Amino acid sequence: MCTVRISIQRDGTLNSAIAEGGDPKLCKAAISAVTHAKIPPAPDENTWQIFKNAPLDFRP
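Right, here's the structure in full:
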């Protein structure tokens, strides 16, 4: 498993993706996937507040 914390803007732009721990190879792949993903804009302020700084768990 690898946990990657993402920080996004309201329009879906990725500010950062940082591995917080886990398998180094999986973390590298997860960060690559996140940086290439198209993240949709948040539909409202409440949703953005929940996901603007979120941990994502990746499992092989």
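The working numbering puts the sequence shown at residues 77 to 136. Cβ coordinates follow ideal geometry from the N, Cα and C atoms, glycine included. The structure presented is a predicted model; accordingly, all values stated were derived computationally and were not measured.
(request) Sort out for me which residues DSSP pairs D133 with in a bridge. (result) Residue numbering aside, residue 133 sits at position 57 when the sequence shown is read from its first letter. T79.
(message) Which same chain residues end up closer than 6 Å to A106 when comparing Cβ atoms and leaving out the 5 residues on each side of it in sequence?
(response) Sequence index remark: in the sequence shown, residue 106 carries index 30 (1-based). The residues are C78, V80 and F134.
(message) What does the alpha-carbon distance come out to for the pair A95 and A118?
(response) To locate residue 95, count along the sequence shown from 1; it is residue 19. To locate residue 118, count along the sequence shown from 1; it is residue 42. One C-alpha to the other measures close to 23 Å.
(message) So, at 6 Å on beta carbons, what are the nonlocal neighbours of L90 in its own chain, with the 5 sequence-adjacent residues on each side left out?
(response) As a working note, residue 90 is residue 14 in the sequence shown. Closer than 6 Å at Cβ, skipping near neighbours: I84.
(request) Please report how far the alpha carbon of G98 lies from the alpha carbon of L132, in whole angstroms. (result) Locating residue 98 in the sequence shown gives position 22, counting from the first residue. Locating residue 132 in the sequence shown gives position 56, counting from the first residue. Each residue's Cα considered, the two are about 12 Å apart.
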